Amino acid sequence: MEPQVKKIHGLKSGRGFSLSEVHHAGFSIRQVRKLGVYIDQRRKTLHEFNVQTLQMLMEERLKELEEEAKRIELEREERKEETEKKKRKEEEKERKKKEKEKKKAEEKEKKEKEKEKKKAEEKEKKEKEKEEEKEKGIDLTEIKGVGKKKAEAFEAAGIYTVEDLLKADTEELAEKTQFTSEYIEKLKEQARLL
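Note that this note's numbering has the sequence shown beginning at 3, numbered continuously upward.
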């Protein structure tokens, strides 16, 4: 829909609506320009068909603007809802992730406590076994020439009492300790005298 101008040979499309046509249609110049309708300020004529065309054009543009505004508002609301949904999902994920991490940490802590408890029990058990073995037999330090340090070296090799020393294989014991097989044989002879 365009404005038309009367010429000698009939109607011709014009450049825009005249100022009098705009005022007669009931609009201000600012309103018409805001809606993107061109105004030809040089033209002074007033044609009724142009006034009707302008009114129809303005109604269409206003409807389009209202529809556009509604569409934009709907899009905003949809985007807002989507962002809220995403936020809720992320918060839910974070909460679940924290719960998982918390459970893992609790399980790990529980396992560590169990390991420590088992280690402590094993240690106590070994200490009891050592004490029982020591109580059963004569202490290595009773042998002449065996002091605390040498007794510790034998204990590291698994020999706790004189009976253990007599039962042990000399060659294997020499490999496990820093002592020679001759020295170990000498200690065995002294242990037999006890």
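Here a beta-carbon is modelled for each residue, glycine too, at the ideal position from N, C-alpha and C.
It should be emphasised that the depicted structure is a prediction, and the values quoted were computed from it without experimental measurement.
Mind checking whether residue i and residue j have CB atoms under 7 Å apart?
{"i": "Leu168", "j": "Phe156", "result": "no"}
{"i": "Gln192", "j": "Lys151", "result": "no"}
In the DSSP assignment, the alpha helix (DSSP H) including residue i goes from what residue to what residue?
{"i": "Asp166", "result": "164 to 169"}
{"i": "Ile41", "result": "First-last for Ile41: undefined, no H or E at that position."}
{"i": "Val34", "result": "31 to 36"}
{"i": "Ile235", "result": "The chain is shown from 3 up to 196; residue 235 falls before or after that span and cannot be answered."}
{"i": "Ser22", "result": "21 to 27"}
{"i": "Glu173", "result": "172 to 178"}
{"i": "Glu144", "result": "From DSSP, Glu144 is part of no alpha helix (DSSP H); its letter is neither H nor E."}
{"i": "Lys2", "result": "The requested residue 2 does not occur in the structure, where the chain is confined to residues 3 to 196."}
Measure the alpha-carbon distance for residue i versus residue j and round it to whole angstroms.
{"i": "Ala176", "j": "Thr182", "result": "5 Å"}
{"i": "Glu50", "j": "Lys87", "result": "55 Å"}
{"i": "Val2", "j": "Glu66", "result": "Summary: the structure shown does not reach residue 2, with the chain confined to residues 3 through 196, and so no result is reported for it."}
{"i": "Glu46", "j": "Leu76", "result": "Before going on, a small fix: residue 46 reads as Lys here, not Glu. Taking the straight line joining both Cα atoms gives about 43 Å."}
{"i": "Lys104", "j": "Lys98", "result": "10 Å"}
{"i": "Ala107", "j": "Lys117", "result": "15 Å"}
{"i": "Arg44", "j": "Glu79", "result": "46 Å"}
{"i": "Lys100", "j": "Lys89", "result": "16 Å"}
Whole-angstrom Cβ separation of residue i and residue j, contact assumed at under 8 Å?
{"i": "Leu56", "j": "Val7", "result": "So it is not a contact: roughly 14 Å between Cβ atoms."}
{"i": "Val164", "j": "Ile140", "result": "4 Å"}
{"i": "Leu189", "j": "Glu144", "result": "Wrong, their Cβ atoms sit about 11 Å apart, outside the cutoff."}
{"i": "Ala159", "j": "Thr179", "result": "5 Å"}
Residues in its own chain within less than 8 Å of residue i by CB, not counting five upstream and five downstream?
{"i": "Asp2", "result": "This structure gives no information on residue 2, because the portion of the chain shown stretches from 3 to 196."}
{"i": "His26", "result": "Leu48, Val53"}
{"i": "Arg63", "result": "Leu37, Gly38, Val39"}
{"i": "Ile161", "result": "Leu142, Leu167, Ala170, Leu175"}
{"i": "Arg194", "result": "Leu168"}
Leaving aside the five residues before and after residue i along the sequence, list all residues of the same chain whose C-beta is less than 6 Å from its C-beta, in chain order.
{"i": "Val148", "result": "Leu142"}
Can you give me the Cβ contacts of residue i inside the same chain, cut-off strictly under 7 Å, excluding the 5 residues immediately before and after it?
{"i": "Thr172", "result": "Ser183, Ile186, Glu187"}
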